[in-house]
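What follows is a set of notes on a single structure, which appears directly below.
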Amino acid sequence: MIDFVDMPFLPSEKVCLAMIDSRMDLEMKQHLRNQGVDLIEVPPCNALYDSISCHPDIQCHHIGGRRIVLAPNASESLKNQLIQHNFEIITGNTTLEGNYPNDIAYNVARIGDFALHNTAYTDPVVRDLLLSLGVKLVHVNQGYSKCSAAILNEHALITSDKGMAAAARKCGFDVLLIRPGYIMLKGMNYGFIGGTCGMTGPDELFFAGDIEQHPDYPQICDFAAKHGKRIQAYKGKNLTDIGSIIPLKEIKE
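Each residue of the sequence shown is one higher than the one before, starting from 265 at the first, in the working numbering.
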C-alpha cells in the first residue's frame, strides 16, 4: 500500500515518491527511478536567483502526511504535480523574492518535534501549523536551515553551521559538525550538506553526487552507521546542493 510520509524528511518505509530540483543530473534521476522512486520535479520560481530557483526546500514546506505549504508564487507546475498526487496544498503567506533573507520563509529544518529556523523570517502559515502540532520552534541565525541540515532521524543531523550545531545540541540532538564547502552550487562559492541529500528509505540516505569526495566522508560514514543508516551515493558526479531530496510517499507493507 502506498501512503504519505507522515514525519517530514523521515520515511518509515521504502520511498516511492520524492521531490527534487528539475535540473538534477539526468543520470541521477534515472538512478532514483530505477530504485522505484517516482519524481516530482520542481520548475523554477522566477522571483528567485538562479542557483536556488528550482530548490524544493525553498519553494515549499512539507508539514507531514498530505499537507504541503507552497509559496504563493511557487511554480504552478509544481502545484499541479502535487495535486495530481493527492496532496493538500496550503498557500503560505510569504511571497518569495530576490535574495536572502527574502527567500528563506519555507526553508525550515523540521526534525521530529523541533523546527530550526531563523524565526524572524518563518512563514506565518508554516509557523502556526507547526505550533498546532506541538512542534517547538528553535531560533538559529542560519536562514537556510533545511539546506544546512542533513537529517538522519528525529534525534540526529549533520551540518557545517556552528550556530545550528550548538542550537541542536541544546535540544538534545546528536550532531556531526563538518567543514563548510566541498559542495557544488552553481553560481555560488559552495552549497550545503542538507541540500545534497535525502532519505529514500528508513535506513537509506541518498546523496546527489560522490560524498566520498568530501574530506569529512569518514566521519560522515561513521556517524550514519552509528544511527543505523546506509549511505547511497551517485558516484562519478560532483556532490551538489539540489535543495534536498524530499521524500513524500512510501510503500507500506
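Cβ atoms here follow ideal geometry from the backbone N, Cα and C, with glycine treated the same way.
The region 443 to 463 makes contact with the region 400 to 414, as at least three CB pairs between them are under 8 angstroms. Spatial neighbours of Q483 in its own chain (CB-CB distance under 8 angstroms, excluding positions within 5 residues in sequence) are listed in chain order as L440 and I442.
Taking C-alpha positions only, G362 is separated from E517 by approximately 44 angstroms. Non-local beta-carbon contacts of Q345 in its own chain, meaning distances under 7 angstroms to residues more than five positions away in sequence, involve I304 in chain order. Taken through DSSP and simplified to helix, strand or coil, K426 comes out as helix.
In the DSSP assignment, F487 falls within the alpha helix (DSSP H) that extends over Y481 to K490. Three or more beta-carbon pairs separated by less than 8 angstroms link the region 312 to 331 to the region 501 to 508, which places the two stretches in contact. Remark: fewer than three beta-carbon pairs, one from each stretch, lie closer than 8 angstroms, so the region 352 to 372 and the region 295 to 302 are not flagged as touching. Per the coordinates, the alpha-carbon of I475 lies some 14 angstroms from the alpha-carbon of Y454.
The DSSP-derived three-state label of D302 is strand. With respect to the 8 angstroms criterion, Y370 and C435 are not classified as neighbours on the basis of their beta carbons.
As computed with DSSP, C309 is found in no beta bridge at all. Counting other Cβ atoms within 10 Å of its Cβ, H478 reaches 16 or more and is therefore classed as buried. Our two residues, L421 and L397, have alpha carbons roughly 21 angstroms apart in a direct line. When C-beta atoms of the region 278 to 296 are compared with those of the region 465 to 473, three or more pairs fall below 8 angstroms, so the two segments count as touching.
Considering only Y446, E418 and D425, the residue with the shortest C-alpha distance to M463 is E418. In the structure shown, the three-state DSSP call for L394 is helix.
Taking C-beta atoms under 8 angstroms as the contact rule, D314 and G492 fail to qualify, at a distance of about 37 angstroms.
Taken in chain order, the complete beta strand (DSSP E) segments of 3 or more residues contained in the region 349 to 407 are 352 to 355, 373 to 375, 378 to 381 and 400 to 403. Excluding residues up to 5 positions away in sequence, P365, I368, H403, V404, N405, Q406, G407 and S409 lie with their Cβ nearer than 8 angstroms to the Cβ of N382 in the same chain.
Judged by DSSP in its simplified three-state form, M463 adopts strand. For G328, the secondary structure class from DSSP, reduced to helix, strand or coil, is strand. Looking from the CA of I375, the closest CA among F273, A338 and V390 belongs to F273. Between K343 and F378, the CB-CB gap reaches or exceeds 8 angstroms.
A Cβ-Cβ distance of about 7 angstroms is found for the pair D267 and K513, placing them in contact under the 8 angstroms criterion.
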